[in-house]
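Start counting the sequence shown at 173; every next residue gets the next number (the working numbering).
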Amino acid sequence: MSKKIIELKNITKSFEHQQILNDINLTIYENEFLTLLGPSGCGKTTILRIIGGFVEADSGEVIFDGKNIAALPPYKREINTVFQKYALFPFMNVEENVAFGLTIKKMKKSEIHQKVLRMLKLVGLEGFEKRNVNQLSGGQQQRVAIARALINEPKVLLLDEPLGALDAKLRKDMQTELKKIQKEVGITFIFVTHDQEEALSMSDTVVVMNHGNIQQIGSPIDIYNEPKNRFVASFIGESNIIPGIMKEDYLVHFDHCDFPCVDKGFLPNEEIEVVLRPEDIILSAPEHGKLTGVVTDITFKGVHYEIIVKGEYRNYKVQTTKYHEIASSVGMSVIPDNIHVMHKMKEEIHETL
Numbered sequence: 173m174s175k176k177i178i179e180l181k182n183i184t185k186s187f188e189h190q191q192i193l194n195d196i197n198l199t200i201y202e203n204e205f206l207t208l209l210g211p212s213g214c215g216k217t218t219i220l221r222i223i224g225g226f227v228e229a230d231s232g233e234v235i236f237d238g239k240n241i242a243a244l245p246p247y248k249r250e251i252n253t254v255f256q257k258y259a260l261f262p263f264m265n266v267e268e269n270v271a272f273g274l275t276i277k278k279m280k281k282s283e284i285h286q287k288v289l290r291m292l293k294l295v296g297l298e299g300f301e302k303r304n305v306n307q308l309s310g311g312q313q314q315r316v317a318i319a320r321a322l323i324n325e326p327k328v329l330l331l332d333e334p335l336g337a338l339d340a341k342l343r344k345d346m347q348t349e350l351k352k353i354q355k356e357v358g359i360t361f362i363f364v365t366h367d368q369e370e371a372l373s374m375s376d377t378v379v380v381m382n383h384g385n386i387q388q389i390g391s392p393i394d395i396y397n398e399p400k401n402r403f404v405a406s407f408i409g410e411s412n413i414i415p416g417i418m419k420e421d422y423l424v425h426f427d428h429c430d431f432p433c434v435d436k437g438f439l440p441n442e443e444i445e446v447v448l449r450p451e452d453i454i455l456s457a458p459e460h461g462k463l464t465g466v467v468t469d470i471t472f473k474g475v476h477y478e479i480i481v482k483g484e485y486r487n488y489k490v491q492t493t494k495y496h497e498i499a500s501s502v503g504m505s506v507i508p509d510n511i512h513v514m515h516k517m518k519e520e521i522h523e524t525l
């Protein structure tokens with residue numbers, strides 16, 4: 173396990189009597205790409221700003237390299253930030269923007285120039301030193317902002333929705349570039365986004381948040397395949413969420429059928445919720461399916477069809493590469509590994525979704 177670089181301990185924060193963060197505890201490791209993911213207003217940017225020193229927590233500790241830095245101003249922290257609005261200086265060219273932090277430190281010009289060239293090469297902007305930043309595309313401006321943050325050699329880089337202003341294709345390209353840059357410089361990236369695909373494709377660790385609380389922490393694969401509750405299952409990807417009964421270990425009952433599964437540790441006949449991902453439902457002839465239904469809608473999505481199947485008890489969303497006619501009857505099956513069983517959420521949590 174890598175060394176801990178940041179520990180948030182019992183962090184709370186309110187604005188105008190509204191609770192934004194509720195007793196947040198989070199450990200972040202060296203060289204980790206960690207993403208704070210959640211809907212608008214869930215508290216993810218507030219965590220970022222507390223780590224950066226731009227906002228002070230009401231209570232709790234911010235431990236950096238073993239020391240509580242909660243009282244340190246931003247400029248004394250070994251942390252830099254890239255904002256969604258890149259905050260470049262329009263009256264400076266690319267080299268001057270990237271060099272700004274080192275110029276303030278009064279480093280030798282020759283040394284600054286060499287560092288700038290190295291950073292511009294890292295972010296793919298060789299030869300852009302004298303270019304006015306207003307002549308750059310959005311993606312190029314973002315690379316300048318990243319180079320300016322990295323040139324100060326911070327131990328941690330905070331990224332507050334830095335891809336939000338980019339178009340879809342450029343956004344995907346920059347996701348790949350950011351991950352590559354993070355691996356090359358070998359520092360901790362803490363990334364904020366509300367985009368689930370972005371979080372899953374870039375991160376080592378994803379922290380899913382809602383209403384000022386951490387819902388789940390895990391790898392992208394764990395978050396997607398093993399959601400801990402209804403919110404995570406609904407927010408990450410698409411899901412069919414079905415009430416059921418866990419009859420016993422490895423046997424779940426829903427929609428009046430028993431299904432073998434791989435889950436255990438529930439009470440006998442405990443009320444639970446089952447998550448079936450649309451891509452995990454196998455369509456067949458009706459006589460070969462455990463459940464049956466009728467196709468009521470089909471949408472072509474490029475790499476697959478999204479199909480709505482009206483079953484006896486509910487509609488199922490299914491993703492498949494095979495076309496099925498509207499009004500045709502189908503069978504539905506799911507292998508045990510693809511049935512995920514969750515503890516049923518409390519009613520008060522349901523009301524916050």
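All residues carry an ideal CB built from backbone N, CA and C; glycine is no exception.
Remember, it's a predicted structure, so these values are computed and weren't measured experimentally.
Fill in: Those runs of the beta strand (DSSP E) which lie wholly inside the region 370 to 431 and span at least 3 residues
Those beta strand (DSSP E) runs which fall completely within the region 370 to 431 and span 3+ residues are 377 to 382, 385 to 390, 412 to 420, 423 to 426.
Discussion item. Using a 10 Å radius around the Cβ and a threshold of 16 neighbouring Cβ atoms, would you call E520 buried or exposed?
Written reply: Because the pLDDT at E520 is just 35, under 50, the model does not fix this residue reliably, and the point stays unresolved.
Fill in: Spatial distance of N252 from K489 (CA atoms)
Roughly 43 Å between the two C-alpha positions.
Worksheet entry | Residues near I183 in its chain [Cβ-Cβ closer than 7 Å; skip 5 each side] | Here the set comprises L193, I196, I222, A229, G232.
Worksheet item: What do you get for L530, buried or exposed, if any count of 16 or more other CB atoms within 10 angstroms of its CB means buried?
Response: Residue 530 cannot be examined here, being either before or after the span of the chain that is shown, 173 to 525.
Item to complete: May I ask which residues mark the beginning and end of the beta strand (DSSP E) holding L332?
Response: The question names Leu, but residue 332 is Asp in the sequence shown. Where D332 is concerned, the enclosing beta strand (DSSP E) stretches over 328 to 332.
Discussion item. Assuming the contact rule is C-beta atoms closer than 8 Å, L350 and A319 should be a hit. Round their C-beta distance to whole Å, please.
Written reply: By a beta-carbon distance limit of 8 Å, L350 does not contact A319. Their separation comes to about 12 Å.
Worksheet item: Would the beta-carbon of V305 fall within 8 Å of that of V266?
Response: Closer than 8 Å, so yes.
Practice prompt. Just mark K473 as buried or exposed, buried being the case when its beta carbon has 16 or more other beta carbons within 10 Å.
Written response: If you draw a 10 Å sphere on the C-beta of K473, you find fewer than 16 other C-beta atoms in it, and that means exposed.
Item to complete: Enumerate, from N- to C-terminal direction, the unbroken beta strand (DSSP E) stretches of 3 or more residues contained entirely within the region 239 to 293.
Response: Taking only runs of at least 3 residues, the beta strand (DSSP E) segments lying wholly in the region 239 to 293 are 251 to 254.
Worksheet item: How about I417 and E443: do their beta carbons lie closer than 8 Å?
Response: Yes, Cβ-Cβ distance for I417 and E443 is below 8 Å.
Worksheet item: Exposed or buried, which one is Y396 when buried takes at least 16 other CB atoms within 10 Å?
Response: By the 10 Å Cβ count, Y396 comes out buried.
Practice prompt. In the DSSP assignment, find the unbroken alpha helix (DSSP H) run with E497 in it and report its ends.
Written response: Note, E497: premise wrong, no alpha helix (DSSP H); not H, not E.
Fill in: Beta-carbon proximity check, H512 vs T492, cutoff 8 Å
Not in contact: H512 and T492 (Cβ atoms no closer than 8 Å).
Item to complete: Whole angstroms is fine: what's the gap from Y495's alpha carbon to Q286's?
Response: Cα to Cα, Y495 sits roughly 58 Å from Q286.
Worksheet entry | Proximity of T207 and V446 at Cβ, strictly below 8 Å | Taking C-beta atoms as the reference points, T207 and V446 fail to come closer than 8 Å.
Worksheet entry | Residue nearest to L292 in terms of C-alpha spacing, selected from V502, M279, Q347, N269 | Nearest in C-alpha terms to L292, of all of V502, M279, Q347, N269, is N269.
Discussion item. Among the candidates E301, V357, N324, S309, whose CA atom is the shortest distance from the CA of D339?
Written reply: The candidate whose alpha carbon is nearest that of D339 is S309.
Worksheet item: Within the chosen definition, does the region 497 to 504 reach the region 454 to 462 through at least 3 CB pairs nearer than 8 Å?
Response: With the cut-off at 8 Å, the region 497 to 504 and the region 454 to 462 touch.
Worksheet item: Are there 16 or more other CB atoms within 10 angstroms of the CB of T471, so buried, or fewer, so exposed?
Response: Counting other Cβ atoms within 10 Å of its Cβ, T471 stays below 16 and is therefore classed as exposed.
Worksheet item: Looking at the structure shown, is E459 part of a helix, part of a strand, or coil, going by DSSP?
Response: Looking at E459 - three-state DSSP - the assignment turns out to be helix.
Worksheet entry | Which residues DSSP lists as bridging S309, in chain order | Note: S309 sits in no beta bridge, so no partner.
Worksheet entry | Three-state class that DSSP yields for L439 in the structure shown | L439 falls in the coil class under three-state DSSP.
Worksheet item: Per DSSP, which one or two residues make a beta bridge with T199?
Response: Per DSSP, E179.
Worksheet item: In the structure shown, what three-state DSSP assignment does L335 receive?
Response: Here L335 carries a coil assignment [DSSP, helix/strand/coil].
Item to complete: Go ahead and label I393 buried or exposed: buried means 16 or more other beta carbons lie within 10 angstroms of its beta carbon, across all protein chains shown.
Response: Within 10 angstroms of the beta-carbon of I393 lie fewer than 16 other beta-carbons, which makes it exposed.
Worksheet entry | CA nearest to the CA of K327, picked from F236, E478, G210, E497 | Proximity to K327 across F236, E478, G210, E497 peaks at F236, based on C-alpha coordinates.
Worksheet item: With a CB to CB cut of under 7 Å and the five nearest residues on each side skipped, what residues in its chain are close to I200?
Response: I177, I178, L206, T360, I362, listed in sequence order.
Worksheet item: Per DSSP, S186 is paired with what?
Response: According to DSSP, which records beta bridges pairwise, S186 is partnered with Q191.
Worksheet item: Taking the continuous beta strand (DSSP E) assigned at T492, which residues delimit it?
Response: If you look at T492, you'll find it in the beta strand (DSSP E) that goes 487 to 492.
Discussion item. Looking only at its chain, what residues have a beta carbon closer than 8 Å to the beta carbon of L439, apart from the 5 residues adjacent to it on each side?
Written reply: Excluding residues within five positions, the ones whose Cβ falls inside 8 Å are M418.
Worksheet item: To which residues of the same chain is I454 closer than 6 Å at the C-beta, ignoring the five residues directly before and after it?
Response: These residues qualify, in order along the chain: S505.
Item to complete: Put I362 into one of helix, strand or coil per three-state DSSP.
Response: Note: I362 maps to strand in three-state DSSP.
Worksheet entry | DSSP beta-bridge partners of D469 | D469 is bridged to I480.
Discussion item. Less than 8 Å between the beta carbons of V357 and D332, yes or no?
Written reply: With respect to D332, V357 sits apart: the two C-beta atoms are not nearer than 8 Å.
Discussion item. I need the DSSP call for L209, collapsed to helix, strand or coil.
Written reply: Residue state for L209 is assigned as strand, using DSSP reduced to three classes.
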